[in-house]
Amino acid sequence: HANEATGPPQPITNQTGTRNNQPAFSRDGRKIAYMEFLRGGGADIWVADADGKNASQITNNTRNLKPSWFPDGDQLAFVSKRTGHWTVWATSLQSRRDRLLFDNGRDIEYASLSPDGKQIVFNLTDGGITNTWTVPVSGGPPRQLTFDKKLAGLACWSPDGKFVAYQIKRGDDAYLMIMPSDGGESIQLTSGRGRSWPYDFSPDGDKIVFAGDRDGVWNVWWVSRSTKMQKQLTNYTKPNSFVRYPAWSPLGNQIAYEYAETSGNIWLMELK
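The sequence shown stops at residue 272 when you use the working numbering, and every number in between is there.
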């Protein structure tokens, strides 16, 4: 794939007044999980075919965010505020049984499951400072990956699980970083004014797709790890609209993301 859009993006949800976002493709690229905000502050996870058809509600409980798939295609991990604070849960599409994956007594509002289903990368905020951690799904101590003085978080996994991309905040700007998922040196992939919020990798692991704000206008972009080249994929121009959470299909041929003006919906872009 040349990683360019083949035509105008199409909406696959038709929410009015609230937001559908945080899309995640199943490993076979055939299904998409996403979150629906409810009026009054709740949120639930839904799963549909990758074209938006046959949508079904998966959770039914206060607030559930940030779905990510286990490799079996039946289970989803997500964060939920059902115990008084934010914790990481899993559910099965078949049985609809939920199980607690990780609770360290602190709020975990953002977490993502590794492609092999064995690790969770998550945000932890302490005294207003947010950093990125990992923890094995099977148990064991969490490991702190970043040691930022402000914000280094909202991380996503490379397809081979060897790297995580995340954002750092510097003043009003946000930059895209990448580092080994077992710790080590981080590399900054974007610079200059604006905000770059990573959400997913291309299937070959070279490109990171992100929501990019340049001059007050949000679009879907990617940046290459190997060349640091950036490419804008959408052509939005309205300063009062925004783009969030771009997810790249494991098949390589689609990117799903949220586009919002008064309400947010999931749009699908075909790539060639």
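The beta carbon of each residue, even a glycine, is placed where N, CA and C say it ideally should be.
Checklist entry - Among residues of its own chain, excluding the 5 on either side of S241, which ones have a beta-carbon nearer than 6 Å to its beta-carbon? => result Walking along the sequence shown from the start, residue 241 turns up at place 241. Within the same chain, S241 has close Cβ partners E261.
Checklist entry - For F201, which residues does DSSP report across the bridge? => result Numbered from 1 along the sequence shown, position 201 holds the residue referred to as residue 201. Partner(s): I208.
Next on the checklist: Quick check: the Cα distance between G171 and R193, rounded to an integer number of angstroms?
Outcome noted: The residue labelled residue 171 in the question sits at position 171 within the sequence shown. The residue labelled residue 193 in the question sits at position 193 within the sequence shown. Their backbone Cα atoms lie some 10 Å apart in a straight line.
Checklist entry - When we look at the beta-carbon of E185 and count the other beta-carbons within 10 Å, is it buried (16 or more) or exposed? => result Taking the sequence shown and counting its residues from 1, the one referred to as residue 185 is at position 185. With fewer than 16 Cβ atoms within 10 Å of its Cβ, E185 is classed as exposed.
Item to check | Three-state class that DSSP yields for R143 in the structure shown | outcome: Against the sequence shown, residue 143 aligns to sequence position 143. Three-state result, R143: strand.
Checklist entry - Whose C-beta lies closer than 8 Å to the C-beta of L38 among residues of the same chain, with five residues either side of it excluded? => result On the sequence shown, residue 38 is found 38 positions in, with the first residue counted as 1. Counting only Cβ-Cβ distances below 8 Å, and skipping sequence neighbours, we find T18 and D44.
Next on the checklist: Are the CB atoms of S224 and K207 within a distance shorter than 8 Å?
Outcome noted: Position 207 of the sequence shown, counted from the start, is the residue given in the question as residue 207. Position 224 of the sequence shown, counted from the start, is the residue given in the question as residue 224. The answer is yes: Cβ separation under 8 Å.
Item to check | Continuous beta strand (DSSP E) stretch holding T62: start and end | outcome: The count along the sequence shown starts at 1 and reaches residue 62 at position 62. Premise fails: T62 is in no beta strand (DSSP E) and is neither H nor E.
Checklist entry - CB-CB under 6 Å to M177, same chain, minus the five flanking residues each way: which ones, in chain order? => result Mapped onto the sequence shown, residue 177 falls at position 177. Result list for M177: Y166, I168, S186 and Q188, in chain order.
Checklist entry - Mind pulling the alpha helix (DSSP H) runs of 4 or more residues that sit fully within the segment 71 to 103? => result none
Checklist entry - Are T87 and F102 touching if we call contact CB-CB under 8 Å? => result Stepping through the sequence shown from its first residue, residue 87 is reached at position 87. Stepping through the sequence shown from its first residue, residue 102 is reached at position 102. Their beta carbons are under 8 Å apart, which means T87 touches F102 by this criterion.
Item to check | Sequence-distant residues of the same chain with beta carbon closer than 7 Å to Q144, five excluded per side | outcome: The residue labelled residue 144 in the question sits at position 144 within the sequence shown. Excluding sequence neighbours, Q144 sits near N131 and W133.
Checklist entry - Do V121 and A155 have their C-beta atoms within less than 8 Å of each other? => result Indexing the sequence shown from 1 puts residue 121 at position 121. Indexing the sequence shown from 1 puts residue 155 at position 155. Cβ atoms of V121 and A155: closer than 8 Å.
Next on the checklist: Below 8 Å on the Cβ atoms is my contact criterion, and I expect P23 with Y259 to pass it. Report the Cβ-Cβ distance as a whole number of Å.
Outcome noted: Working through the sequence shown from its first residue, we reach residue 23 at position 23. Working through the sequence shown from its first residue, we reach residue 259 at position 259. About 11 Å; that fails the 8 Å criterion.
Checklist entry - Counting contacts by CB-CB distance shorter than 8 Å, is P11 in contact with chain D? => result Judged by its chain identifiers, the structure shown contains no chain D, having just a single protein chain.
Checklist entry - Short check: CB of L233 to CB of M179, under 8 Å? => result Position 233 of the sequence shown holds residue 233. Position 179 of the sequence shown holds residue 179. Cβ atoms of L233 and M179: not closer than 8 Å.
Checklist entry - Which partner residues of P11 appear in the DSSP bridge assignment? => result On the sequence shown, residue 11 is found 11 positions in, with the first residue counted as 1. Paired residues: W267.
Item to check | Enclosing beta strand (DSSP E) for L154 [first to last residue] | outcome: The residue labelled residue 154 in the question sits at position 154 within the sequence shown. A152 to W157 is the span of the beta strand (DSSP E), which, as asked, contains L154.
Item to check | Minimum C-alpha distance to W197 - residue among G183, G205, G252 and R214 | outcome: One-based indexing of the sequence shown puts residue 197 at position 197. The option with the nearest alpha carbon to W197 is R214.
Next on the checklist: I'd like to confirm the pairing. Which residues does DSSP put opposite Q254 in its beta bridges?
Outcome noted: Along the sequence shown, read from residue 1 onward, the residue named residue 254 stands at position 254. Paired residue(s): E270.
Next on the checklist: What does the alpha-carbon distance come out to for the pair Q254 and N54?
Outcome noted: On the sequence shown, residue 254 is found 254 positions in, with the first residue counted as 1. On the sequence shown, residue 54 is found 54 positions in, with the first residue counted as 1. Spanning the two alpha carbons is a distance of roughly 19 Å.
Checklist entry - Buried or exposed: which applies to N123, given that a residue is buried once 16 or more other Cβ atoms fall within 10 Å of its Cβ? => result Here the question's residue 123 lines up with position 123 in the sequence shown. It counts as buried.
Item to check | K66 vs A111 beta-carbon contact at 8 Å | outcome: The residue you call residue 66 lines up with position 66 of the sequence shown. The residue you call residue 111 lines up with position 111 of the sequence shown. Closer than 8 Å, so yes.
Checklist entry - Out of curiosity, what's the CA-to-CA distance linking N64 and W221? => result Position 64 of the sequence shown, counted from the start, is the residue given in the question as residue 64. Position 221 of the sequence shown, counted from the start, is the residue given in the question as residue 221. Whole-angstrom Cα-Cα distance: 27 Å.
Checklist entry - Where does the unbroken beta strand (DSSP E) through K231 begin, and where does it stop? => result Start at 1 with the first residue of the sequence shown, and residue 231 comes out as number 231. Taken as a continuous stretch (DSSP letters only), the beta strand (DSSP E) holding K231 covers Q230 to Q232.
Checklist entry - So is D74 buried or exposed if we call it buried at 16+ other beta carbons inside 10 Å? => result Mapped onto the sequence shown, residue 74 falls at position 74. D74 comes out exposed.
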